[in-house]
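Take 2 as the starting number for the sequence shown in the numbering used here and just add one per residue.
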Amino acid sequence: PKRCGHFAGKSVISAEEMADKIRAAREARINSDLLIIARTDARAEHGLGEACRRALAYHEAGADMLFVEAPESIEEVETIARELPGPLVHNVVEGGVTPPIPLARLDELGYSVALFANISLLAGIRATREILLYLRRGSADPRPPIATWAERQDLVRKPWFDEFGDRFDSTALAAGTDDRLAP
């Protein structure tokens, strides 16, 4: 089974098989806006040098962006940036094997994309636990620490959907009560 570079027990396919997959994707691509991002998780199993060698082969096979997953130090992140042509992808995994690096530093190094793989999930877990504890405690505060109704409505674009629905309300059109039909 597929395992991320931040987990133990992973294995990777051969570099040649992956390069073939990239060449096939490149040939099958019908829209030039589609980016082919070549990811390798080979760092953990084969070392950083092999992961960079593979990424370079994937670039030569036609990948648009390179993604060496799970470097284990800031020095390794810098080595990837120095040894590989851009654009590069960096994965920010809270709790993973890669140490935190400021976005400004990633930008200086030439990384084009920073993925925040699980940060919203972790924030959601924390928020869910906090609100459930709030409910369990039976707080006297009548306003729980949550988004307001207006914030929710804005997030789901409720006013836009209301206006859109009103413009296409078949009941109003059929009854002749739609003022768009008025002279």
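Ideal placement from N, C-alpha and C gives every residue a C-beta, glycine not left out.
Below 6 Å CB to CB, which residues in the same chain sit around D65 once its five sequence neighbours on both sides are set aside?
L36 and I37
Complete alpha helix (DSSP H) runs within the stretch 132 to 179 (minimum length 4 residues, chain order):
150 to 156, 159 to 168 and 171 to 176
Helix, strand or coil at G35 [DSSP, three-state]
In the sequence under discussion, the amino acid at residue 35 is Leu, which differs from the Gly named in the question. Correct three-state label for L35: coil.
Helix, strand or coil at T41 according to DSSP, with G and I counted as helix:
strand
Return the Cβ separation of A82 and L110 in integer angstroms, given the expectation that the two are a contact with Cβ distance under 8 Å.
4 Å
Could you work out which residue in E51, P101 and T129 is closest to A148 when comparing CA atoms only?
T129
Neighbourhood of Q154 by C-beta distance below 8 Å, restricted to the same chain and skipping five residues each side:
P160
Use the C-beta contact count for L85: other C-beta atoms within 10 angstroms, 16 or more gives buried, fewer gives exposed.
buried
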